[in-house]
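Residue numbers (mature numbering (1 follows the signal peptide of the UniProt record, and there is no 0)): -27 to -1, 1 to 302.
Okay, so here's the structure we're looking at.
As structure tokens, then:
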């Protein structure tokens, strides 16, 4: 999510549970046609396939009407995340919805981390500013079809605005892939927030420095691939994007597919949450630190219709999240 303010937490009531229908979405004539996971171009055998997806599962205590449970089923039943080696999720905040999504995906991705910052169980190491008393967890999780041999959660040491009330950070995993060890960091960095008293970009720079220091301390052999994936909240066309790539020691990724991963002009959830006037932005990436360079493909995936009722009005959506997923390979 690009903009995350506490003022947006309006208590709306669902009078009918969101349900999926068999009606497919209609593509807007001025945008790229919807794609499915099956349409991806096969990656070279040496390169892993890694997807990142901000699933917009905010706590139903604050945001009760966004079909979190229904979308947890739709993300699985539509197969949008099929065919990957590793999947990184963000904004899996709602406990019941995220538990349901992880359980739904377990047949495809049996090796998983817990949700970052929800507790210390299931992690080999917890570092950074983790606090049991923090109201919200970090919302990130990593799923793999191959065994995960190391799980580390790190909570960023500082944040501003609404992010200060969460255990956002990064999840690091070491995966025993057929070609050898594979290292992935999944993260959701500081959001733009009008309640921040200092620049959110300065917090993102600090967070990138924490990732860089963590990787340096692990002293990963140069022959083992390392990737950083997630909603990095950095606009692709900004000078911060260039700084981010340099600070992480990453390679500038080739980016194909839909031009924006957060597109309120095109995405029904994003439009109703924020309004179509918000600038469309590309915020989600899989960055290569070392190993085969991965091409990022942003897919304009759509869902069967699902419906909610709020304030006596029916709202119908044809999207799975307010973000579009990015697939790298």
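Even glycine gets a Cβ: it sits at the ideal position worked out from N, Cα and C.
Residue i and residue j closer than 8 Å at C-beta
{"i": "residue 47", "j": "residue 24", "result": "no"}
{"i": "residue 242", "j": "residue 290", "result": "yes"}
{"i": "residue 66", "j": "residue 32", "result": "yes"}
{"i": "residue 159", "j": "residue 115", "result": "yes"}
{"i": "residue 45", "j": "residue 77", "result": "yes"}
{"i": "residue 144", "j": "residue 86", "result": "yes"}
{"i": "residue 193", "j": "residue 223", "result": "no"}
{"i": "residue 299", "j": "residue 257", "result": "yes"}
{"i": "residue 157", "j": "residue 61", "result": "yes"}
{"i": "residue 96", "j": "residue 79", "result": "no"}
{"i": "residue 128", "j": "residue 101", "result": "yes"}
{"i": "residue 38", "j": "residue 283", "result": "yes"}
Cut-off 8 Å between Cβ atoms - residues of its own chain near residue i, not counting five sequence neighbours on either side
{"i": "residue 210", "result": "255"}
{"i": "residue 182", "result": "220"}
{"i": "residue 226", "result": "258, 259, 260, 261, 266, 267, 268, 269 and 301"}
{"i": "residue 84", "result": "116, 117, 118, 119, 120, 121 and 148"}
Best match in the options for proximity to residue i [C-alpha to C-alpha]
{"i": "residue 272", "options": "35, 286, 266 and 293", "result": "293"}
{"i": "residue 297", "options": "204, 58 and 151", "result": "204"}
{"i": "residue 112", "options": "102, 132 and 91", "result": "91"}
{"i": "residue 50", "options": "36, 74 and 28", "result": "74"}
{"i": "residue 253", "options": "246, 61, 265 and 232", "result": "232"}
{"i": "residue 109", "options": "235, 202, 257 and 141", "result": "141"}
{"i": "residue 131", "options": "83, 234 and 180", "result": "180"}
{"i": "residue 195", "options": "175, 265 and 150", "result": "265"}
{"i": "residue 187", "options": "19, 83, 126 and 277", "result": "126"}
{"i": "residue 201", "options": "97, 36, 146 and 95", "result": "146"}
{"i": "residue 174", "options": "19, 277, 216 and 248", "result": "216"}
For residue i, the residue or residues it bridges with in DSSP
{"i": "residue 84", "result": "117"}
{"i": "residue 287", "result": "282"}
{"i": "residue 324", "result": "Absent from the structure is residue 324, since the part of the chain shown begins at -27 and ends at 302."}
{"i": "residue 148", "result": "121 and 155"}
{"i": "residue 30", "result": "65"}
{"i": "residue 299", "result": "25 and 271"}
{"i": "residue 139", "result": "109"}
{"i": "residue 303", "result": "The shown model of the chain, from -27 to 302, leaves out residue 303, and the question about it has no answer."}
Chain-order list of residues whose beta-carbon lies under 7 Å from that of residue i (same chain, five-residue window excluded)
{"i": "residue 177", "result": "162, 163, 206 and 207"}
{"i": "residue 10", "result": "The predicted position of residue 10 is uncertain, since its pLDDT is 40 and thus under 50; no value can be drawn from it."}
{"i": "residue 16", "result": "Because the pLDDT of residue 16 is 41, which lies under 50, any placement of that residue in the model is unreliable, and the number read from its coordinates should be weighed accordingly. Excluding sequence neighbours, residue 16 sits near 22 and 302."}
{"i": "residue 250", "result": "none"}
{"i": "residue 189", "result": "none"}
{"i": "residue 234", "result": "255, 256, 257, 271, 296, 297 and 299"}
{"i": "residue 171", "result": "133"}
{"i": "residue 19", "result": "152 and 265"}
Beta-carbon contacts of residue i that lie in its chain and below 6 Å, excluding the five residues immediately before and after
{"i": "residue 93", "result": "99"}
{"i": "residue 244", "result": "237"}
{"i": "residue 301", "result": "23, 259, 267 and 269"}
{"i": "residue 285", "result": "none"}
{"i": "residue 148", "result": "117, 119, 121 and 155"}
{"i": "residue 71", "result": "30, 65 and 88"}
{"i": "residue 134", "result": "166, 168 and 169"}
{"i": "residue 214", "result": "207"}
{"i": "residue 63", "result": "27, 112, 113, 161, 203 and 204"}
{"i": "residue 247", "result": "237"}
Residue-level contact to chain D via CB, residue i, 8 Å cutoff
{"i": "residue 99", "result": "The structure shown contains no chain D; it holds only a single protein chain."}
Alpha helix (DSSP H) runs wholly inside the region 56 to 114, at least 4 long, in chain order: 68 to 78
Start-end ranges of the beta strand (DSSP E) lying completely within the region 190 to 259, minimum 3 residues: 199 to 204 and 228 to 230
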